[in-house]
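Structure, as structure tokens:
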Amino acid sequence: MDESPGVPETPVVPKPVRHGWRTRTKVIIVLVLLSPFLLFALYSYSTLHVDYSSGDRSGILQKFSNKGWVCKTWEGELAMTTVPGVAPTLWQFSVRNGDVAEKVRAAIGQRVALHYTEHRGVPTDCFGMTDYYVDSVSVMK
Numbered sequence: 000m001d002e003s004p005g006v007p008e009t010p011v012v013p014k015p016v017r018h019g020w021r022t023r024t025k026v027i028i029v030l031v032l033l034s035p036f037l038l039f040a041l042y043s044y045s046t047l048h049v050d051y052s053s054g055d056r057s058g059i060l061q062k063f064s065n066k067g068w069v070c071k072t073w074e075g076e077l078a079m080t081t082v083p084g085v086a087p088t089l090w091q092f093s094v095r096n097g098d099v100a101e102k103v104r105a106a107i108g109q110r111v112a113l114h115y116t117e118h119r120g121v122p123t124d125c126f127g128m129t130d131y132y133v134d135s136v137s138v139m140k
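Take the sequence shown: its letter number 60 is residue 59 in numbering that gives the first Met the number 0, and every next letter is one higher.
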């Protein structure tokens, strides 16, 4: 027992962990690689949730189908006539909601009023092949 009285033991202090340039470089590389995906997701979200315009269209519901190779979307066609005997103007639209799609499907061949919102710049056709998204339908008598 060779302890000298009066000399206290010095505690062992761990060295602080230093994040060197390698760690910072890895973080920067990850941020650079992820930023295009984050920007694309933000852009897609904003184009789908901010509408350019909204309104109503009426006419005879002429066609409604589920289209697409990979992304199946509901697409329809409304024949709008101003004067009998004149060729109708065809207006194409998309439906994203399944419940609305069933209501539109039940109204084929009838005169309807469709409420829509227009979303310009949607980056892919997986949300709809047109810029016009119908969110409600009412059959006119």
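From the three backbone atoms N, C-alpha and C, an ideal C-beta is built for every residue, glycine too. Computed from a predicted structure; not experimentally measured.
Q) Which partner residues of Glu-74 appear in the DSSP bridge assignment? A) Within the sequence shown, numbered from 1, the residue matching residue 74 stands at position 75. DSSP, once it has assigned bridges, lists Ser-64 and Ser-93 as partnering Glu-74.
Q) Just how far apart, CA to CA, sit Arg-56 and Trp-68? A) On the sequence shown, position 57 is the one that residue 56 refers to. On the sequence shown, position 69 is the one that residue 68 refers to. Taking the straight line joining both Cα atoms gives about 29 Å.
(Q) Just verifying my parser: in three-state terms, what is the DSSP assignment at Asp-55? (A) Taking the first residue of the sequence shown as position 1, residue 55 is located at position 56. It is a strand residue.
Q: Measure the C-alpha to C-alpha separation of Lys-140 and Met-79 and round it to an integer number of angstroms.
A: Within the sequence shown, the letter at position 141 stands for residue 140. Within the sequence shown, the letter at position 80 stands for residue 79. Within the model, the alpha-carbon separation for Lys-140 versus Met-79 is close to 16 Å.
**Q.** Alpha-carbon spacing of Leu-33 relative to Asp-98, whole angstroms
**A.** Along the sequence shown, one-based indexing puts residue 33 at 34. Along the sequence shown, one-based indexing puts residue 98 at 99. Their Cα atoms are separated by approximately 36 Å.
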